[in-house]
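To start, the structure itself, in structure tokens.
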Amino acid sequence: MKRNDLVKWLDTYLALSEYQDISLNGLQLEGVETVNKIAFAVDSSFSTFEQAAQSGADMLIVHHGLFWGSPLPITGMHRKRVAYLLETGINLYAAHIPLDAHREVGNNWGLARLLAMTELEDFGSWKGKPIGVKGSFPNGMSLRELANTIETTLSQISGGKTTEPLMVHSGGDLEVHSLGIISGGASWDVVTAANEGLDAFLTGEPKHETFYEAFERGINALYAGHYMTETVGVNLLAEKIGAEFGLATEFIHLPTGL
Numbered sequence: 444m445k446r447n448d449l450v451k452w453l454d455t456y457l458a459l460s461e462y463q464d465i466s467l468n469g470l471q472l473e474g475v476e477t478v479n480k481i482a483f484a485v486d487s488s489f490s491t492f493e494q495a496a497q498s499g500a501d502m503l504i505v506h507h508g509l510f511w512g513s514p515l516p517i518t519g520m521h522r523k524r525v526a527y528l529l530e531t532g533i534n535l536y537a538a539h540i541p542l543d544a545h546r547e548v549g550n551n552w553g554l555a556r557l558l559a560m561t562e563l564e565d566f567g568s569w570k571g572k573p574i575g576v577k578g579s580f581p582n583g584m585s586l587r588e589l590a591n592t593i594e595t596t597l598s599q600i601s602g603g604k605t606t607e608p609l610m611v612h613s614g615g616d617l618e619v620h621s622l623g624i625i626s627g628g629a630s631w632d633v634v635t636a637a638n639e640g641l642d643a644f645l646t647g648e649p650k651h652e653t654f655y656e657a658f659e660r661g662i663n664a665l666y667a668g669h670y671m672t673e674t675v676g677v678n679l680l681a682e683k684i685g686a687e688f689g690l691a692t693e694f695i696h697l698p699t700g701l
């Protein structure tokens with residue numbers, strides 16, 4: 444498939460133009476013109492680039508790209524990463540906030556469906572745009588069962604590979620019927636979840652300053668890892684592209700433990 448055709452499809456499907464994101468979403472580095480195989484990963488590390496090249500990928504699609512709103516001199520490690528991509532001809536495409544918020548393949552809505560949640564609605568916002576999701580478990584489940592289900596689901600989406608330990612702050616009832624989800628680093632939205640009367644809130648990483656919010660507001664907070672909660676979108680997007688265009692795909696799993 445021609446790179447430019449694929450990029451155009453991705454830009455439209457992920458609705459990049461709707462998000463005022465500093466992450467330079469889209470094609471960040473241009474490589475070969477024809478794409479036969481795409482690698483997917485969470486982060487733009489040199490190790491990721493090496494594994495993408497070893498896999499024979501012509502394009503790498505990541506959640507966290509190389510650019511975060513500031514001009515960077517092409518020196519040091521940044522130069523090494525850019526040079527490697529140029530040498531190998533790998534196209535680098537990034538989708539940050541758009542891949543968090545997408546209702547079909549996004550980190551949040553995608554995980555909610557994998558958890559078999561029902562009555563899904565928008566939850567939380569980013570610069571005025573919906574980003575997360577909330578929903579229900581019709582029959583309810585214990586907090587421990589929910590934690591185990593999340594761990595199992597994230598392991599499966601990553602190909603049955605090891606997950607990061609899930610942290611639970613049990614500030615509410617131990618029977619859970621409703622959950623809000625925002626992947627990555629959204630610990631302050633535990634307050635939003637409590638204000639909306641949810642039983643539990645799931646995000647990636649905790650912050651010390653939000654530790655007491657769950658306990659004092661009577662809500663359960665679950666932290667499944669910034670990395671692990673953001674493996675969902677790239678894997679679902681890989682499935683979508685594989686089905687849509689018949690391209691070969693591969694997920695590169697490099698957990699950070701965070």
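Take 444 as the starting number for the sequence shown in my numbering and just add one per residue. C-beta atoms are modelled at their ideal positions from N, C-alpha and C, and glycine is treated no differently.
Taking its Cβ as the centre, do 16 or more other Cβ atoms sit within 10 Å of residue i, making it buried, or is it exposed?
i	result
T672	buried
P541	buried
D543	buried
K577	buried
DSSP three-state call for residue i: helix, strand or coil?
i	result
N479	coil
N582	strand
G469	strand
A636	helix
F510	coil
Determine the closest residue to residue i out of the options, with distance taken between C-alpha atoms.
i	options	result
N591	P573, I574, V611, S601	V611
E639	I504, R556, G567, K445	G567
V450	S626, L515, L535, A500	L535
L690	L554, H696, L609, A681	A681
D501	F492, D486, G508	F492
L697	M560, K480, H507, S630	H507
T531	S601, H651, R522, G499	G499
Name the two residues that bound the continuous beta strand (DSSP E) containing residue i.
i	result
E659	Not the beta strand (DSSP E): E659 falls in the alpha helix (DSSP H), residues 654-660.
M610	610-613
T646	643-646
Starting from residue i, trace the alpha helix (DSSP H) both ways and give me its first and last residue.
i	result
T692	First-last for T692: 691-694, but that is the beta strand (DSSP E), not the alpha helix (DSSP H).
I540	540-544
Could you tell me which residues DSSP puts in a beta bridge with residue i?
i	result
S621	S579
I593	Answer is none; I593 lacks a bridge partner.
N534	M502
A664	H612, F644
P573	S568
A484	V505
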